[in-house]
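Visitor: Quick one: the structure is below, and I'll ask about it shortly.
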Amino acid sequence: MGIKGREIVDMDVNGLVNLLNKALADEWLAYYQYWIGARVVKGPMRGAVVVELEEHAGDELRHAGMLVDRIMQLGGTPILKPEDWYKLTNCGYDAPEDPSIESILKQNIKGEQCAIDAYNNLLKLTMHKDLITYNIILEIVRDEVEHEDDLQTLLDDLEMH
Ligand code: FE
Ligand code: FE
Ligand code: MG
Numbered sequence: 003m004g005i006k007g008r009e010i011v012d013m014d015v016n017g018l019v020n021l022l023n024k025a026l027a028d029e030w031l032a033y034y035q036y037w038i039g040a041r042v043v044k045g046p047m048r049g050a051v052v053v054e055l056e057e058h059a060g061d062e063l064r065h066a067g068m069l070v071d072r073i074m075q076l077g078g079t080p081i082l083k084p085e086d087w088y089k090l091t092n093c094g095y096d097a098p099e100d101p102s103i104e105s106i107l108k109q110n111i112k113g114e115q116c117a118i119d120a121y122n123n124l125l126k127l128t129m130h131k132d133l134i135t136y137n138i139i140l141e142i143v144r145d146e147v148e149h150e151d152d153l154q155t156l157l158d159d160l161e162m163h
């Protein structure tokens, strides 16, 4: 951990690390929800939906890596046990028990909306306080906004079918 890099963080570092770990829990659960959803989903336009779900799964996994890198820079410990995903998550996990495209899209839209709120709160908290984390979160939330929009577009197309 770089001393100067940590010194320029003008906020409680342990509290920030805890919030980044909560986001990390969300990313892993979102990753799995997309990844398994892409494999069980059924219905019309399945092909296009699978491509989108798999792409989003890859993005969520990349976000998890970005969060871990920042947690390590801050001298924190990233979540080491999967059981902590459920303890720390903001947005939870919706099992795709109904494999219809509509149900899976709606579950994932709900997840993205929760993620956007959680990251927007983190943006407000880190603005003017920790610009490095702020920038990382900004990059992530830009993806989440795109994810919500992509899924909503698919759902709108489905409803016009
Ligand atoms: Fe994400
Ligand atoms: Fe997302
Ligand atoms: Mg997309």
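Take any residue in the sequence shown, count from 1 to its spot, add 2: that is its number in the numbering used here. Ideal Cβ positions, reconstructed from N, Cα and C, are used throughout, including at glycine. Note that the coordinates shown come from a computational prediction; the quantities given were computed from them, not determined experimentally.
1) So the alpha helix (DSSP H) leucine 55 belongs to, where does it begin and stop?
2) Does at least one heavy atom of ligand 1 sit under 7 Å from the Cβ of glutamate 62?
3) May I ask whether a heavy atom of ligand 3 can be found less than 7 Å away from the beta carbon of histidine 167?
4) Looking at C-beta atoms only, is the number of pairs between the region 88-96 and the region 40-59 that lie closer than 8 Å three or more?
5) First and last residue of the alpha helix (DSSP H) that includes histidine 149?
6) Let me check you understand the geometry: is the CB of glutamate 148 closer than 7 Å to at least one non-hydrogen atom of ligand 3?
7) Grouping DSSP H, G and I as helix and E and B as strand, with all else coil, what is lysine 83?
8) Indicate, with yes or no, if ligand 2 has a heavy atom lying under 7 Å from the CB of aspartate 28.
9) Would you say the region 98-116 touches the region 65-83, given that touching needs at least three Cβ pairs under 8 Å?
10) Look at tyrosine 36 and glutamate 62 and say whether their C-beta atoms are less than 8 Å apart.
11) Do you know offhand how far cysteine 116's Cα is from valine 53's?
12) So, valine 19 versus aspartate 132, is the Cβ gap smaller than 8 Å?
13) For aspartate 159, which residues in the same chain have their Cβ closer than 6 Å to its Cβ, ignoring the five residues on either side in sequence?
14) Taking alanine 40 and glutamate 29 to be in contact with their CB atoms under 8 Å, please state how far apart those CB atoms are, rounded to whole angstroms.
Guide: Walking through what the data contain:
1) 48-75
2) yes
3) Outside the displayed range of the chain (3 to 163) lies residue 167, so it cannot be described from this structure.
4) Counting Cβ pairs under 8 Å, fewer than three are found: no touch.
5) 133-162
6) yes
7) coil
8) no
9) no
10) Note that the C-beta distance between tyrosine 36 and glutamate 62 is below 8 Å.
11) 22 Å
12) no
13) The same chain holds no residue with a CB closer than 6 Å to that of aspartate 159 once the five nearest residues on each side in sequence are set aside.
14) Contact doesn't hold; Cβ gap of about 16 Å is too wide.
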